[in-house]
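Protein chains: 2
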Amino acid sequence: MKPKIRTEDHILETAREVFTQYGYDGTSMQMIADRAGINKSLLHYYYRSKEKLFGQIFSRVFSQFIPHLGVIFMSDMPLEEKISTFVDRYIDVFLNNPYIPIFVMQELSKNPQHLAELIREAGIHPELMIENISQMLNRENIRMNDPRQFLVNLIGLCIFPFAARPLIQRMIFDNDREAYDRFLAERKKEVVTFMLNAIQKT
Amino acid sequence: MKPKIRTEDHILETAREVFTQYGYDGTSMQMIADRAGINKSLLHYYYRSKEKLFGQIFSRVFSQFIPHLGVIFMSDMPLEEKISTFVDRYIDVFLNNPYIPIFVMQELSKNPQHLAELIREAGIHPELMIENISQMLNRENIRMNDPRQFLVNLIGLCIFPFAARPLIQRMIFDNDREAYDRFLAERKKEVVTFMLNAIQKT
DNA sequence: GTCTATATGGCGATAGAC
DNA sequence: GTCTATCGCCATATAGAC
């Protein structure tokens, strides 16, 4: 019945669930302990403090999903392929880890410095991506001339429906989980087509 | 020197600043009192509890900005004009109240129910917008066939650069405030062009 | 209206029994 | 490893002087 998982991992997974739903400040050690079915002290036994526990989760979340993304725009694919590859992988990560976008948006304004460092450590270097996009836009003489607008549009279209899910699902999907899952699954195709049309490469 | 504002309003404005930066849980009554230069007890004198104070701000933020938006898609403008009007006003609101998107994203997953009610009370009825968009997409035989994808793209493109500002400004604008302000100002034109191209109406 | 003082409770964290 | 008990702190909130 009870799958025998090591307590340490069980805590980490439970803490991730609670932290990603309520944010750092909205989460108490008691909440995590209760949900994990263990004692509060045990949390401190494994992870010395709330901040250390949170930090572990935070880093883990990033290192697990970001590394594959940094290289795409540094490769020598044609623009269309870069876009579709990036969107595919990016949205895939969120489909498999839907808590990430909400988590990021929630903590984003409290310590952007720290978040930015984590992202850089995970291998994302936006200035390189910008440089690469800029070259492509020129070479393939595309309508859009600001690579930063391009990048923000691209990422925004991928992240937003995941980050705002609780609200969107409730307001325009009658809070129907499965309907929203189907909606999200369709976004890979949707975003790629949308982006390619927008920059007039069809 | 000291502008003689009624204490009650002074508190409300200060509280808005703190709440919108740190979120509900990240804000303490002490922080608000300190920043407002008054005593903690005075907060309770004017607003009975932290929750009541927060509630006032929350409602106020919405009622002040949303009402103008609900009607746009219900009007009889042609599609292009609806898009550009909506984007213009929407982004204008955020340019004048840049804290709103971050605020919303931060509280969004804690109590989506409450947030959805506030938005409805403020006159936004997504189901009507969806219905209207759906008719337009059919009538003007446009590539995109799912009005919900259309709406999510539209709103995401408007909100995302504001919601993720702390991170984006730091990572791809060298944390240059003014440069990012210029970037945001350009987004009105950018988003409208982008949307119209994407649905192939130029 | 605005302050000081204080009540009450939950928080993160630790000590120590088992 | 896991628990109970408890410390010290800071949170929200209230009472009461001025």
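Protein chains in written order, with the numbering used here: chain H, 7 to 208; chain Y, 7 to 208. C-beta: ideal position from N, C-alpha, C; glycine also.
Which residues of chain Y have a Cβ atom closer than 7 Å to the Cβ of residue i, listed in chain order?
i, result
"G61/H", "By Cβ distance, chain Y contributes nothing, its closest Cβ being about 17 Å from G61/H, past 7 Å."
"I97/H", "By Cβ distance, chain Y contributes nothing, its closest Cβ being about 13 Å from I97/H, past 7 Å."
"I89/H", "Ordered by position in chain Y, no residue passes the 7 Å Cβ test against I89/H, which lies about 13 Å from the chain."
"E196/H", "Q155"
"L49/H", "Within 7 Å Cβ-Cβ: nothing; L49/H doesn't reach chain Y, min ~19 Å."
"F200/H", "N159, A204"
"L143/H", "The premise fails here: L143/H is roughly 14 Å from chain Y at the closest Cβ pair, so nothing lies under 7 Å."
Please list the partners that residue i has in chain Y, where partner means a Cβ-to-Cβ separation under 9 Å.
i, result
"V24/H", "Ordered by position in chain Y, no residue passes the 9 Å Cβ test against V24/H, which lies about 12 Å from the chain."
Interface residues of chain H around residue i at Cβ under 7 Å?
i, result
"F189/Y", "R154"
"G43/Y", "Near G43/Y there are no residues of chain H at all, since even the closest Cβ is about 24 Å away, more than 7 Å."
Does DSSP put residue i in a helix, a strand or coil?
i, result
"G2/Y", "Residue 2/Y lies beyond the range of chain Y shown here (7 to 208); nothing can be said about it."
"P104/H", "coil"
"F156/H", "helix"
"I148/H", "coil"
"K46/Y", "helix"
"Y5/H", "Any question about residue 5/H goes unanswered here, given that chain H covers just 7 to 208."
"K8/Y", "Summary for K8/Y: the model assigns pLDDT 46, below 50, so the residue's position carries little reliability, and this model does not support an answer."
"H16/H", "helix"
"P84/H", "coil"
"E184/Y", "helix"
"T77/Y", "The identity of residue 77/Y in the sequence shown is Val, whereas the question assumes Thr. It is coil, neither helix nor strand."
"A122/H", "helix"
"F92/H", "helix"
"N117/H", "coil"
"F179/H", "coil"
"I165/Y", "helix"
"I72/Y", "coil"
"A39/Y", "helix"
"A128/Y", "coil"
"Q206/H", "coil"
"E192/H", "coil"
"S34/Y", "coil"
List the residues of chain H that residue i touches, going by C-beta distances under 8 Å, in chain order.
i, result
"M37/Y", "Those within 8 Å of M37/Y in chain H number zero; the least Cβ separation is about 12 Å."
"G76/Y", "Simply none; closest approach about 13 Å."
"N203/Y", "R149, N203, A204, I205, Q206"
"I2/Y", "Outside the displayed range of chain Y (7 to 208) lies residue 2/Y, so it cannot be described from this structure."
"I17/Y", "Here the premise fails: no neighbours, minimum Cβ distance about 22 Å."
How about residue i: is its Cβ closer than 7 Å to a heavy atom in the ligand HEM?
i, result
"M35/H", "Looking at this structure, you won't find the ligand HEM or any other ligand, since it has none at all."
Interface residues of chain H around residue i at Cβ under 9 Å?
i, result
"Y28/Y", "D31, S115, K116"
"F64/Y", "Going along chain H, no residue has its Cβ under 9 Å from F64/Y, so there is no contact; the nearest lies around 14 Å."
Apart from the five residues on each side of it in sequence, which residues of its chain come closer than 8 Å, Cβ to Cβ, to residue i?
i, result
"N103/H", "V67, Q70, F71"
"R183/H", "Q175"
"E23/H", "R41, Y105"
"R95/H", "H74, L75, I78"
"L124/Y", "F64, S65, F68"
"N181/H", "Q175"
"T20/Y", "I38, R41, A42"
So which residues of chain Y does residue i contact, with C-beta pairs closer than 8 Å?
i, result
"I178/H", "P132, E133, I136, R154, L157"
"N103/H", "Simply none; closest approach about 15 Å."
"I108/H", "L114, S115"
"L85/H", "Ordered by position in chain Y, no residue passes the 8 Å Cβ test against L85/H, which lies about 15 Å from the chain."
"G129/H", "The contacting residues do not exist; G129/H stays about 13 Å from chain Y at best."
So, at 7 Å on beta carbons, what are the nonlocal neighbours of residue i in its own chain, with the 5 sequence-adjacent residues on each side left out?
i, result
"K60/Y", "Residue 60/Y is actually Phe in this sequence, not Lys. Counting only Cβ-Cβ distances below 7 Å, and skipping sequence neighbours, we find F25, Y30."
"K8/Y", "Since pLDDT at K8/Y reaches only 46, below the 50 mark, its modelled position is unreliable, and the value read off the structure follows with that caveat. Nothing meets the Cβ criterion."
"A209/Y", "Within the shown structure, residues of chain Y are numbered from 7 to 208, placing residue 209/Y beyond reach of any answer."
"E14/H", "Y52"
"I130/H", "I72, L75, G76"
For residue i, collect the residues of the same chain with a Cβ closer than 6 Å to its Cβ; drop the 5 residues on either side in sequence, then sort them by chain order.
i, result
"E133/H", "none"
Inter-stretch contact at 8 Å, needing at least 3 Cβ pairs: the stretch 176 to 193 of chain H / the stretch 118 to 126 of chain H: no
Near-chain H residues of the stretch 111 to 124 of chain Y - C-beta to any C-beta below 8 Å: Using a CB distance below 8 Å, the part of the stretch 111 to 124 of chain Y facing chain H consists of M111, Q112, L114, S115, K116, P118, Q119, L121, A122, ordered along the chain.
At least three beta-carbon pairs within less than 8 Å, the stretch 50 to 58 of chain Y to the stretch 155 to 166 of chain Y: With the cut-off at 8 Å, the stretch 50 to 58 of chain Y and the stretch 155 to 166 of chain Y do not touch.
The stretch 196 to 203 of chain H contacting the stretch 121 to 141 of chain H, beta-carbon criterion three pairs below 8 Å: no
Touch test, the stretch 166 to 177 of chain H against the stretch 147 to 157 of chain H, Cβ-Cβ under 8 Å, three pairs minimum: The answer is no - the stretch 147 to 157 of chain H does not touch the stretch 166 to 177 of chain H, with fewer than three Cβ pairs under 8 Å.
Meets three-Cβ-pair contact criterion under 8 Å: the stretch 37 to 45 of chain Y and the stretch 40 to 48 of chain H: no
Stretch-stretch touch, CB-based, cutoff 8 Å, three pairs: the stretch 32 to 39 of chain Y with the stretch 79 to 99 of chain Y: no
Interface residues of the stretch 166 to 177 of chain Y facing chain H [CB-CB below 9 Å]: F166, P167, A169, A170, R171, P172, L173, I174, Q175, R176, M177
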